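Q:
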Amino acid sequence: MAEGPEWVRLTDQEVVLLARGGREAAYRELVRRYERPVFALLYRMVRDRELAEDLAQETFVKALNAIDSYRPEFKFSSWIFKIANNAAIDHLRRRELDTLSLDGSPHAETPEAMQATALQIGARQESPLDAVEAKELGGAIEAAIGRLRPEYRSCILLRHVEGRAYEEIAEILDLPLGTVKTYIHRARNELRLALAHLRE
Amino acid sequence: MTPAPGPHLSPDDVELWLNGTLDAARTRHLDLCPECFDRAQAEREIVEQLASLPLMAPAPGFEDRVMTQVRVADPFALRSIRQRIFATRRSMAIAAGLALALVGSMAASVAWSLANQELLVSAGNWVLSQGSQAGWLALRGLASNFIEQPWYESARAFADHPGRLGAALGALALAYLSGMFALRRLLALPSQQVAHAA
């Protein structure tokens with residue numbers, strides 16, 4: 005089969021079959037198809053370009069190295085988004101644990117001990133990369149998304165940025181359909197309240 | 599002012615309205631209820647803003663960076679074949695069907711052979727006799743063809759003289775050995791370092 009435009013006519017499932025047959029070009033095609041949406045989801049989840057890129061890379065490597073375990077009765081997009089979302093949630097949970105230690109060790113008994121065990125955060129100079137991030141995620145809506153709970157954030161991004169159906173989101177996040185609807189409604193509500201000042 | 603009919607819009611109603619599938623009765627409520635209209639309109643604005651967010655891309659070379667860590671599947675690896683057989687119920691059913699057909703045909707073949715041993719023996723004898731007859735005919739044809747060659751008489755006269763035959767065989771053996779020696783020298787790896795390869 006020829007390289008290039010031929011791939012456009014193939015479904016994800018057909019490309020996966022070619023990948024399983026040992027075609028490197030098929031692996032590359034899967035990366036090309038999903039690198040942007042997967043990266044965009046992760047970037048808006050973790051709000052750090054470099055980290056989002058690492059997590060996106062981890063997502064693809066994990067998915068493509070386990071391509072034989074992918075079940076073709078499910079959408080490939082659901083599978084890759086599920087891996088990406090799990091990577092983001094795992095990272096956010098780890099970060100939450102790290103953030104707790106900013107206040108010092110929970111075993112510290114005096115204020116001095118707490119201060120001694122607390123992480124020191126200096127004034128950080130803004131790097132060119134930070135400036136790019138600030139510009140990319142600087143909109144009021146992006147900031148409001150960043151303040152949502154991670155579960156709400158995944159739901160709202162998958163629904164209204166990636167355009168996924170409720171059923172697919174339920175499959176990606178391993179949540180009941182009703183819960184997904186509730187999360188999306190609450191997320192929209194929070195965004196509406198957060199951006200209310202802009203409407204006035 | 600006409601009161602809006604029915605209760606206020608539920609989140610599901612707002613969702614239907616956003617998708618353009620809200621029924622006429624609820625749409626009428628929305629038209630007449632400023633509270634619901636404001637709320638639905640605000641949600642629509644949020645949805646539109648979300649849909650127009652830019653699609654971000656990773657840094658160039660992302661695909662290559664991923665591929666350096668990916669192991670491309672080997673379709674002939676035993677593990678890969680096993681995983682493909684057990685991938686779906688359909689593939690398992692096909693594999694089971696093929697295995698059953700293979701074992702069944704082998705069992706049928708053995709059973710038929712045991713039940714028709716005499717027939718097999720007579721068929722074997724017939725094939726053997728036909729084969730030996732055909733072989734003998736081919737040998738005779740070859741020999742007569744050989745004898746009819748113009749050089750046959752002179753070659754036979756040469757072979758009748760033992761001295762000449764011995765000398766010819768000796769020369770042949772010598773040529774063979776020299777040829778073998780020359781080939782071995784040609785195929786041997788260089789034992790010394792070549793100056794420019796250092």
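Protein chains in written order, with our numbering: chain L, 5 to 204; chain D, 599 to 796.
For each residue, glycine too, the CB sits at the ideal point set by N, CA and C.
Treat the numbers as computed from the prediction; the structure is a model and nothing was measured.
1) Could you have a look at Cys-159/L and say whether DSSP puts it in helix, strand or coil?
2) Please classify Ala-122/L: does DSSP put it in a helix, a strand, or coil?
3) Name the residue from Tyr-47/L, Ala-23/L, Val-12/L whose alpha carbon lies nearest to the alpha carbon of Arg-37/L.
4) Between which two residues does the alpha helix (DSSP H) carrying Ile-145/L extend?
5) So is Thr-15/L buried or exposed if we call it buried at 16+ other beta carbons inside 10 Å?
6) Just to check my reading of the structure: Ala-60/L and Ala-88/L have Cβ atoms closer than 8 Å, yes? What is that Cβ distance to the nearest angstrom?
7) Could you check the C-alpha separation between Gly-25/L and Phe-78/L for me, to the nearest Å?
8) So the candidates are Glu-172/L, Thr-183/L, Tyr-31/L, Tyr-170/L; which of them puts its Cα closest to the Cα of Ala-67/L?
9) Under 9 Å between C-beta atoms, does Glu-718/D make it to chain L?
10) Nearest chain D C-beta to Lys-86/L closer than 9 Å, yes or no?
11) May I ask you to list, following chain order, the residues of the segment 62 to 84 of chain L that have a beta carbon less than 8 Å from some beta carbon of chain D?
12) If you measure from the beta carbon of Ala-56/L to each beta carbon in chain D, is any gap under 9 Å?
13) Measure the Cβ-Cβ separation of Gln-615/D and Arg-626/D and say whether it is below 9 Å.
14) Among the residues of its own chain, which have a CB less than 7 Å from the CB of Tyr-187/L, if the five just before and after it don't count?
15) Using a Cβ-Cβ distance under 9 Å, would Ala-92/L count as near chain D?
16) Who are the neighbours of Tyr-47/L on chain D, taking C-beta pairs under 8 Å?
17) Take Leu-737/D and list the residues in its own chain whose beta-carbon comes closer than 8 Å to its own, dropping the five residues that flank it on each side.
18) Evaluate Pro-603/D with the Cβ neighbour count: other Cβ atoms within 10 Å of its Cβ, from every protein chain shown; 16 or more gives buried, anything less gives exposed.
19) For Cys-634/D, which residues in the same chain have their Cβ closer than 6 Å to its Cβ, ignoring the five residues on either side in sequence?
20) For a quick check, are the C-beta atoms of Ala-23/L and Ala-655/D less than 9 Å apart?
21) Residue ranges of each alpha helix (DSSP H) run of no fewer than 4 residues wholly in the segment 158 to 191 of chain L, ordered along the chain?
22) Among the residues of its own chain, which have a CB less than 6 Å from the CB of Ala-198/L, if the five just before and after it don't count?
23) Which residues in chain L sit within 8 Å of Arg-669/D, going by Cβ to Cβ distance?
24) Confirm, please, whether the CB-CB distance from Leu-161/L to Met-49/L is below 9 Å.
25) Could you say which of Val-35/L, Ser-73/L, Asp-72/L lies nearest to Thr-666/D if we only look at CA atoms?
26) Relative to the C-alpha of Pro-76/L, which candidate in Asp-672/D, Phe-684/D, Val-668/D has its C-alpha closest?
27) Here's the rule I'm using: 16 or more other beta-carbon atoms within 10 Å means buried, otherwise exposed. How should Thr-63/L be labelled?
28) Would you list, in chain order, the members of the segment 20 to 39 of chain L that have their beta-carbon closer than 7 Å to a beta-carbon of chain A?
29) Would you say Leu-55/L and His-95/L are within 9 Å of each other, going by their C-beta atoms?
30) Let's test the definition: count the other Cβ atoms within 10 Å of the Cβ of Leu-763/D and tell me whether it reaches 16, buried, or not, exposed.
31) Under a Cβ-count criterion, where at least 16 other Cβ atoms within 10 Å of its own Cβ denotes burial, should Leu-726/D be classed as buried or exposed?
32) Mind listing the chain D neighbours of Val-165/L? Cutoff is C-beta to C-beta under 9 Å, in chain order.
33) Pull up the distance between the alpha-carbon of Gly-618/D and that of Val-645/D, whole angstroms please.
34) Please list the residues of the segment 176 to 189 of chain L that have a C-beta atom closer than 9 Å to any C-beta atom in chain D, keeping them in chain order.
35) Among the candidates Glu-172/L, Ala-144/L, Arg-51/L, whose CA atom is the shortest distance from the CA of Leu-202/L?
36) Would Leu-46/L pass as a contact of Leu-648/D if the rule is Cβ separation under 9 Å?
A: Let me spell this out:
1) Here the question's residue 159/L lines up with position 155 in the first sequence. Residue state, collapsed to three classes: helix.
2) The residue given as residue 122/L occupies position 118 in the first sequence. Since pLDDT at Ala-122/L reaches only 43, below the 50 mark, its modelled position is unreliable, and no value is offered.
3) Taking the first sequence and counting its residues from 1, one reaches residue 37/L at position 33. For Arg-37/L, the nearest C-alpha among the options comes from Val-12/L.
4) Residue mapping note: residue 145/L aligns to position 141 of the first sequence, counting from 1. Per DSSP, Ile-145/L belongs to the alpha helix (DSSP H) from 144 to 150.
5) Along the first sequence, read from residue 1 onward, the residue named residue 15/L stands at position 11. It counts as exposed.
6) Numbered from its first residue, the first sequence carries residue 60/L at position 56. Numbered from its first residue, the first sequence carries residue 88/L at position 84. With 8 Å as the limit, Ala-60/L and Ala-88/L qualify as a contact, their Cβ atoms being about 7 Å apart.
7) For the purposes of this step, residue 25/L is taken as the residue at position 21 of the first sequence. For the purposes of this step, residue 78/L is taken as the residue at position 74 of the first sequence. Whole-angstrom Cα-Cα distance: 19 Å.
8) Here residue 67/L corresponds to residue number 63 of the first sequence, with the count starting at 1. Per the Cα distances, Tyr-31/L.
9) As a first step, residue 718/D is located in the second sequence; it is residue number 120 there, counting from the start. Going by the sequence as given, residue 718/D is Leu instead of Glu. Not closer than 9 Å to any Cβ of chain L, the Cβ of Leu-718/D fails to qualify, so no.
10) Within the first sequence, residue 86/L is the residue found at index 82, counting from 1. No, Lys-86/L lies away from the interface with chain D (no Cβ there is under 9 Å from its Cβ).
11) Phe-64, Val-65, Leu-68, Asn-69, Ile-71, Asp-72, Ser-73, Arg-75, Pro-76, Glu-77
12) For the purposes of this step, residue 56/L is taken as residue 52 along the first sequence, with counting starting at 1. So yes, Ala-56/L belongs to the interface.
13) Counting from 1 along the second sequence, the entry for residue 615/D is found at position 17. Counting from 1 along the second sequence, the entry for residue 626/D is found at position 28. Just to set this straight, residue 615/D is Trp in the shown sequence, not Gln. No, they are not a contact pair.
14) Counted from its first residue, the first sequence places residue 187/L at position 183. Answer for Tyr-187/L: Glu-155, Tyr-156, Cys-159, listed in chain order.
15) Numbered from its first residue, the first sequence carries residue 92/L at position 88. No, its Cβ sits nowhere closer than 9 Å to a Cβ of chain D.
16) On the first sequence, residue 47/L is found 43 positions in, with the first residue counted as 1. Chain D residues near Tyr-47/L: Met-654.
17) What you label residue 737/D is simply residue 139 of the second sequence in a count that begins at 1. Here the set comprises nothing.
18) The sequence position of residue 603/D within the second sequence is 5, counting from 1. Label assigned to Pro-603/D: exposed.
19) Residue mapping note: residue 634/D aligns to position 36 of the second sequence, counting from 1. Counting only Cβ-Cβ distances below 6 Å, and skipping sequence neighbours, we find His-606, Leu-607, Leu-628.
20) The sequence position of residue 23/L within the first sequence is 19, counting from 1. The sequence position of residue 655/D within the second sequence is 57, counting from 1. Going by C-beta atoms, Ala-23/L is not nearer than 9 Å to Ala-655/D.
21) 170 to 177
22) One-based indexing of the first sequence puts residue 198/L at position 194. Ala-148, listed in sequence order.
23) The sequence position of residue 669/D within the second sequence is 71, counting from 1. Chain L residues near Arg-669/D: Asn-69.
24) Residue mapping note: residue 49/L aligns to position 45 of the first sequence, counting from 1. Residue mapping note: residue 161/L aligns to position 157 of the first sequence, counting from 1. A contact, by the Cβ cut-off of 9 Å.
25) Locating residue 666/D in the second sequence gives position 68, where the first residue counts as 1. Cα-wise, what sits closest to Thr-666/D is Val-35/L.
26) Along the first sequence, one-based indexing puts residue 76/L at 72. Cα-wise, what sits closest to Pro-76/L is Phe-684/D.
27) Indexing the first sequence from 1 puts residue 63/L at position 59. Buried.
28) This model lacks chain A altogether; the protein chains it does include are L and D.
29) Translated into positions along the first sequence, residue 55/L becomes position 51. Translated into positions along the first sequence, residue 95/L becomes position 91. Yes.
30) Numbered from 1 along the second sequence, position 165 holds the residue referred to as residue 763/D. Answer is exposed; the Cβ neighbour count stays below 16.
31) Residue 726/D sits at position 128 when you count from the first residue of the second sequence. It counts as exposed.
32) Looking up residue 165/L in the first sequence gives position 161. Neighbours of Val-165/L on chain D, chain order: Leu-648, Ala-649, Leu-651, Leu-653.
33) As a first step, residue 618/D must be located in the second sequence, where it is residue number 20. As a first step, residue 645/D must be located in the second sequence, where it is residue number 47. C-alpha separation (whole angstroms): 13 Å.
34) Lys-185, Thr-186, Ile-188, His-189
35) Position 198 of the first sequence, counted from the first residue, corresponds to residue 202/L. When each option's Cα is compared against that of Leu-202/L, the closest is Ala-144/L.
36) Reading the first sequence from its first residue, position 42 is the one you call residue 46/L. Reading the second sequence from its first residue, position 50 is the one you call residue 648/D. Contact flag unset, no.
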